[in-house]
Structure formats: structure tokens, C-alpha cells
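Following: one structure in C-alpha cells, then a few remarks.
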């Protein structure tokens, strides 16, 4: 009987910290802000305009559902097509006391050849390619607000970089296994980036670039429910992997 009680206690001790986390999923852009745009050709010379904000919302909802199935407390910064400022996204994170922040975006390029998925965490760097992505995602900030956020970013980096990098690494590994291999998508790696939406949340946070909307073949893949379902499950599993690594058990309890 004592052994059964001990086993039950240990299981509760291990699982509860993992399932007790609150996660905020942030579909990029929304409302008047379409984000990137691309053409989806469904027949010869026939196409329709695809907007980043729509794919980001669809995929974010699927991630949200997967997290709820696993017992997590999960929220969305928007559940419909509406504008949400960077400040409002941060306010939502504070209001729900989110432990983790996941921002979902779709990449784009001036050329049609770039392809693949990548995962960003908040940190300084000197990568010129990453700076191009930052210019797109940080475009709404100007002047004094930009200066203030640069100062805030340095403070947040010092406090969250280790956790954010660990979160990014765990999720990216799952995406590589469940999406990259299955759908033959290029793995562009885990990278540091100065994204103010991540800094403003003041907590472990990452930004996902699912694939390139400017690549017609990759866009066609991202529009399929099958890929979105696999990606959503990969993110949920990756979060679970990360939280398990954060859970510590006192030796005396065993």
C-alpha cells in the first residue's frame, strides 16, 4: 500500500508541473495587416490570393486544440481575423499569466526559390539574413517606441534567453521529425532574432516561421490540413518535451 501511494505521489509530482503551464498562441498579423501574400495556383493560370494572417490563424487554432487535448491551459491572442497590436498581445500574456508565448508566422521572400521552416528565439546576433526577417516582423514600430523596445529587449534577453532557446530547440526537433521528413521541407534551423513581439511578452517566447508563402510548392503544402495537423501536433509535443526537461524531482521524494 505504501509503495502504491509513493508511486501515485511521484506521478502527480512529475505531471502536474507540466500540465499546469499556461501557453499563449499568437497568430501573426490580422485585420488590416495581411502579413505576406502569395498566389496559390489550383489550376493552369488560375490562382487565388493567400494571406499569411489566414494560414497563421488556421494553424494556431490547431496548435491550441492539440494543447488542450494534452491537458494544457491554452489561449489565442486572436481567434478571428482582427487587428491586434504588439502591446495588446503583451497585455494578453500578462492577463492570463502565460508561462510560454508562441508566435506563428509564414515566411516570404522576393525570390521564389527559398523554402523551409525555421524557429526563432529572442537574442542578439549579427546574421544579415535574419535581419531581413526582423524588418518585416518589426515594421510597425517607429521612433521613440522603437528605442524604448530596444532597451526592453536587452533586459528581457538577459532573463529569458536560456529558457527561450531550450523551448525553440525542443519544438524545432519535433517539427523536423514530424513535418520536415514527412513533407520534405528544408530544415533552416533554430536561430536567434530580435523580434519585439517576443520581448514585450517578458517571458520565454519563440517565433515560428512555418514555411515560405512565396514558394508555390511549399504554399500548396501549407494549405493542406494534413500538414497543418502534423505541424500542430509537433509543436504541442515539443512544448511537452521542453516542460518535462524543466521538471525537477527532489531525490528525497524517491
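Numbering (our numbering), first residue to last: 13 to 266. Beta carbons: idealized from backbone N, C-alpha and C, even for Gly.
- With a cut-off of 8 Å on Cβ pairs, the region 88–101 is not in contact with the region 240–260, counting fewer than three such pairs.
- Across the set 212, 225, 135, 71, the C-alpha of 225 shows the shortest separation from the C-alpha of residue 63.
- Nearest neighbour of residue 76 by Cα position, chosen from 241, 258, 255, turns out to be 241.
- Distance from residue 200 to residue 129 at the Cβ level is roughly 6 Å; contact confirmed, criterion being Cβ atoms closer than 8 Å.
- The residue from 55, 212, 246 with its alpha-carbon nearest to that of residue 193 is 246.
- For residue 221, the enclosing beta strand (DSSP E) begins and ends at 217–224.
- The three-state reading of DSSP puts residue 38 in strand, counting E and B together.
- Under a 10 Å Cβ-count criterion, residue 190 is classified as buried, with 16 or more other Cβ atoms of the shown protein chains found around its own Cβ.
- For residue 131, the three-state secondary structure derived from DSSP is strand.
- Each residue's CA atom was taken as its position, placing residue 126 and residue 218 some 22 Å apart.
- Under a 10 Å Cβ-count criterion, residue 78 is classified as buried, with 16 or more other Cβ atoms of the shown protein chains found around its own Cβ.
- Residue state for residue 199 is assigned as strand, using DSSP reduced to three classes.
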